[in-house]
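Report on one structure; see the data block that follows.
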Amino acid sequence: MISLQNLSKEFSSRVLFEGVSLQLNAGSRYGVVGANGSGKSTFMRVLAGDEPASGGSFTIPKRARMGVLRQDRFLADEEIILDLAMRGDLAVFEALARQKALAEGRLELDPTQLTAIEDVLAAHDGYTLEARSSRVLEGLGIPVPSHRLPLGTLSGGFKLRVLLAQVLVGGADLLLLDEPTNHLDILTIRWLERFLASYEGCALIISHDQRFLNNVTTHTLDVDYQTISLYTGNFSSFELQKKAIREQKETAIERAQEEIARKKAFVERFGAKATKASQAQSRLRQIEKIEVEELVSSSRRAPHLRFEQNRPSGREVLALEGISKAYGDKQVLKNVSVTVRRGERVGIIGANGLGKSTLLRVAVGRLPPNVGDVRWGHETHVGYFPQDHHELLEDPQATPFEILYGLCPAETVSYVRGQLGRVLFSGDDVGKRVGLLSGGEAARLIFACLSVKKPNVLVLDEPTNHLDMETIEALIEALKAYPGTVVFVSHDRWFVSELATRIIELTPEGLKDFPGGYEAYLERCGDDHLDADAVAEKARRAKLAEQAQKGEGATLSWEEQKRRRNRQAQLPKLRDKALAAIEEAEARKKQIQEIFFDAGFYQKTSFDEIERLQAEQKALDAKLEALMAEWEQIETELAALAGEGEV
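Heads up: the sequence shown begins at 0 in numbering that gives the first Met the number 0, then just goes up one per residue.
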């Protein structure tokens with residue numbers, strides 16, 4: 000699908016990647032990973048034709064259709080949502096528009112043109128475009144009644160979903176997706192995972208969501224060490240492989256250096272002796288032949304985050320009583336009451352649109368409630384991290400140094416620069432205008448501000464958005480060590496499970512409070528909200544029940560009935576394929592276990608081979624987990640479709 004030959008990209012004297020020669024194939028989904036600023040998005044822009052390469056070349060089949068999700072692209076607010084999604088398949092959309100104009104007499108009837116239109120529609124399944132577009136929009140959380148409305152009726156996050164829908168509808172042979180899960184809740188992310196899992200083309204996906212990558216990708220492209228390396232397997236498998244390869248190289252270098260040192264010591268000791276002169280010269284020639292690989296430094300850098308409090312707060316930190324908030328006719332929060340105590344780390348979860356961010360903004364005084372009271376406890380000092388960084392970084396002309404120095408004017412310049420250095424701002428970065436900062440840079444600057452202010456309560460709204468994986472890990476460790484109180488909203492299952500000591504779930508029926516961490520929440524409620532399988536199944540059944548009540552089951556469109564029949568015929572094949580893959584993975588896992596049990600295995604096998612087998616075994620565990628989930632989902636969908644036939 001894509002063939003890269005010695006591809007390189009650099010800016011001035013900075014090399015992002017060079018010498019990249021890879022073959023990327025149809026049917027494979029590649030997770031593109033690397034530190035912020037390493038060149039992931041630049042690599043995608045080069046492939047999309049938005050930027051030239053500095054050297055080398057790449058080839059894509061001429062007839063291949065490409066779908067590109069760009070983070071900096073915007074759509075017109077006056078356009079109809081469904082039309083925008085349909086434009087993803089532009090050839091079909093334009094053919095349908097011409098066909099309609101001919102039928103209405105707005106264009107002169109031309110038999111040749113009519114035949115060409117019919118050919119396009121027949122070749123690309125054109126008459127199902129509207130139904131396909133509607134299904135994708137609904138899958139991305141945009142309800143059917145909104146499809147005929149202008150884009151301007153949606154919020155910013157949902158506008159980006161329309162942009163994603165446009166890319167997915169196009170039937171592209173090649174997908175280039177830059178952070179597709181941004182602004183998606185977990186149910187929508189799960190839908191996207193399933194869409195991509197069944198995608199038959201070649202997909203390149205940039206994401207910092209480890210679980211999403213594990214569920215979707217078959218390969219990993221690592222942008223690091225000034226090149227791009229290909230690994231087989233999902234993100235977890237890649238991490239094991241990369242670590243093992245790096246350790247092998249470091250060990251080989253260490254052994255080579257030790258060998259050189261031994262030979263040099265011999266030369267220094269016996270080089271002057273006539274009887275040993277020839278041996279010393281031989282050692283010198285051997286030293287010249289030893290090659291020591293020079294390891295390039297990794298571009299991955301983790302900030303040193305640390306949050307402190309000037310002094311502890313009172314025992315009761317925050318009391319929200321009877322909070323209600325509406326935007327016009329839309330009721331977001333209704334009679335919400337919560338009490339937060341000192342030292343808790345409260346994770347607030349729930350689907351988008353249920354008021355999580357609104358609740359935090361009401362709590363910190365950024366929004367007034369329509370009804371209810373907000374009371375902060377004795378000696379509470381609150382630090383706020385907004386989902387929209389512009390709420391705090393209001394002046395686009397200010398610099399990171401100016402902003403941080405303004406919070407601690409009594410401190411020295413070296414102290415301020417030191418604090419900025421801890422969050423990876425160094426050299427000219429400290430004088431960069433805030434308006435030019437990336438999302439990850441802006442987030443790290445806000446963390447530096449919170450570190451300097453030393454609040455005893457942290458209120459964080461989606462703090463992991465825009466962060467690379469190294470920064471997310473550093474943030475978790477810093478918050479675990481923080482002695483104050485943390486209240487946060489997140490859709491990141493790993494982040495919540497690592498951090499929360501209490502879970503508050505906002506649901507359409509109201510607030511649910513679960514003392515204990517995320518595992519305790521799962522045990523008590525039985526629903527893994529952030530995994531979403533159980534919730535998705537409940538939502539599906541609720542929708543079926545609602546349709547049955549309204550008599551909608553009998554009024555499905557012909558296209559929808561056809562789609563369901565086709566899906567029902569396809570599912571048994573997918574189930575058999577999944578079961579075959581499960582059997583194959585289990586057989587290989589058993590084979591590896593038998594190798595380990597073989598007498599004398601550890602004595603006669605190299606350390607590198609043992610590590611390789613252990614990594615393969617761990618990758619098989621992850622693969623089996625994903626395959627079992629896929630098989631269970633297929634069985635659930637089969638049962639659901641059978642049930643729909645009875646409605």
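The C-beta atom is built at its ideal place from N, Cα and C for all residues, glycine as well.
Where G430 is concerned, there is no enclosing alpha helix (DSSP H), because DSSP gives it neither an H nor an E. In the structure shown, the three-state DSSP call for M65 is strand. Restricting attention to alpha helix (DSSP H) runs no shorter than 4 residues, the segment 25-79 encloses them at 39-47, ordered along the chain. Just measuring C-alpha positions, the residue of E117, E378, M65 and R365 sitting nearest P385 is R365.
Taking C-beta atoms under 8 Å as the contact rule, V166 and G87 qualify, at a distance of about 6 Å. The C-beta separation of V45 from K8 comes to about 6 Å, placing the pair in contact by the 8 Å criterion. No residue range can be given for T500, since it is assigned to no beta strand (DSSP E) and is classified by DSSP as neither H nor E. Leaving aside the five residues that flank D372 on each side, the residues in its chain whose CB is nearer than 6 Å to its CB run, in chain order, E320. Looking at the DSSP output, L174 sits in a beta bridge with G66 and A202. Scanning its chain for C-beta atoms nearer than 7 Å, with the 5 sequence neighbours on each side dropped, one finds around E315 the residues T338, R340 and G376, in chain order. Counting along the chain, the unbroken alpha helix (DSSP H) around G439 starts and ends at G438 to K452. Look at A301 here: in three-state DSSP terms it is coil, with no helix or strand label. Under the three-state reduction of DSSP output, I141 falls in the coil class, being neither helix nor strand.
Take the alpha-carbon of L391 and the one of I445: they are about 8 Å apart. If the five residues before and after P395 are omitted, its C-beta is found closer than 7 Å to the C-beta atoms of R432, V433 and G434, all from its own chain and listed in chain order.
Contact between the segment 188-206 and the segment 223-231 is absent, with fewer than three C-beta pairs closer than 8 Å.
The Cβ atoms of L101 and S56 lie no closer than 8 Å to each other. According to the DSSP assignment, E9 belongs to no alpha helix (DSSP H) but to the beta strand (DSSP E) extending over I1 to F10.
Exposed is the label assigned to R310, since fewer than 16 other Cβ atoms lie within 10 Å of its Cβ.
Here G346 is near L498, since their CB atoms are less than 8 Å apart.
Apart from the 5 residues on each side of it in sequence, I591 sits with its Cβ closer than 7 Å to the Cβ of L612, E615 and Q616 in its chain, given in chain order.
Excluding sequence positions up to five before and after I59, its CB lies within less than 6 Å of the CB of I1, all in the same chain and listed in chain order. According to DSSP, residue pairing for I259 in a beta bridge does not occur. Taking the C-beta atoms as reference points, L406 is found nearer than 8 Å to C448. Cβ-Cβ separation between L459 and V485: approximately 7 Å, consistent with a contact (criterion under 8 Å).
Within the DSSP bridge table, the entry for Q209 names no partner. Assigned with DSSP and collapsed to three states, G376 falls in coil, not helix or strand. Under the criterion of beta carbons closer than 8 Å, G30 and L220 qualify as touching, at roughly 7 Å. Within the DSSP secondary-structure output, A325 pairs in a beta bridge with Q330. Taking C-beta atoms under 8 Å as the contact rule, V266 and L283 qualify, at a distance of about 6 Å. Taking a cut-off of 8 Å for Cβ pairs, the segment 578-586 and the segment 625-638 touch, as three or more such pairs fall below it. Closest by C-alpha distance to M85, out of L113, P51, G48 and Y126, is Y126. The criterion of a C-beta distance shorter than 8 Å is not satisfied by N213 and N181. By the neighbour-count criterion, in which 16 or more other beta carbons inside 10 Å mark a residue as buried, I79 falls on the exposed side. Straight across, the Cα-Cα distance linking D177 with M65 is about 14 Å. Taking 8 Å as the cut-off, the Cβ atoms of L466 and A442 count as close.
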